[in-house]
Amino acid sequence: MNNGNIMYTKTKLIDESGEEKDILTFGPLCILPDYQRMGYGTKLAWYKW
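Residue numbers for the sequence shown follow numbering that gives the first Met the number 0, so the first one is 0 and each next one is one higher.
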């Protein structure tokens, strides 16, 4: 059963000195209304690949 979704994107962060760092961003994180407030969003956000 799929009751939620999270999207990850690889991107670069460039600081004030011009140094680039590879980072992973995420969002949006979506949970079907009937399954909200049950911990599924937390599980998606903390899932380790």
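Just so it is clear, CB atoms sit at the ideal spot from N, CA and C, and this is done for glycine as well. These numbers were taken from a predicted model, which means no experiment stands behind them.
Evaluate residue i with the Cβ neighbour count: other Cβ atoms within 10 Å of its Cβ, from every protein chain shown; 16 or more gives buried, anything less gives exposed.
i	result
ILE30	buried
Please state whether the Cβ-Cβ distance between residue i and residue j is less than 8 Å.
i	j	result
LEU43	LEU23	no
From the options, pick the residue whose C-alpha is nearest to that of residue i; which is it?
i	options	result
LYS11	GLY40, THR41, GLU19	GLU19
GLY26	TYR7, PRO32, GLY3, TYR46	TYR7
Would you tell me roughly how many angstroms separate the C-alpha atoms of residue i and residue j, rounded to the nearest one?
i	j	result
ASN1	TRP45	17 Å
With 8 Å set as the bound, which would you pick, yes or no: does the beta-carbon of residue i sit closer than that to a beta-carbon of chain B?
i	result
MET37	Protein chain content of the structure displayed is limited to a single chain, and chain B is not contained in it.
Touching by the beta-carbon criterion (3+ pairs, under 8 Å), the stretch 11-26 and the stretch 34-41: no
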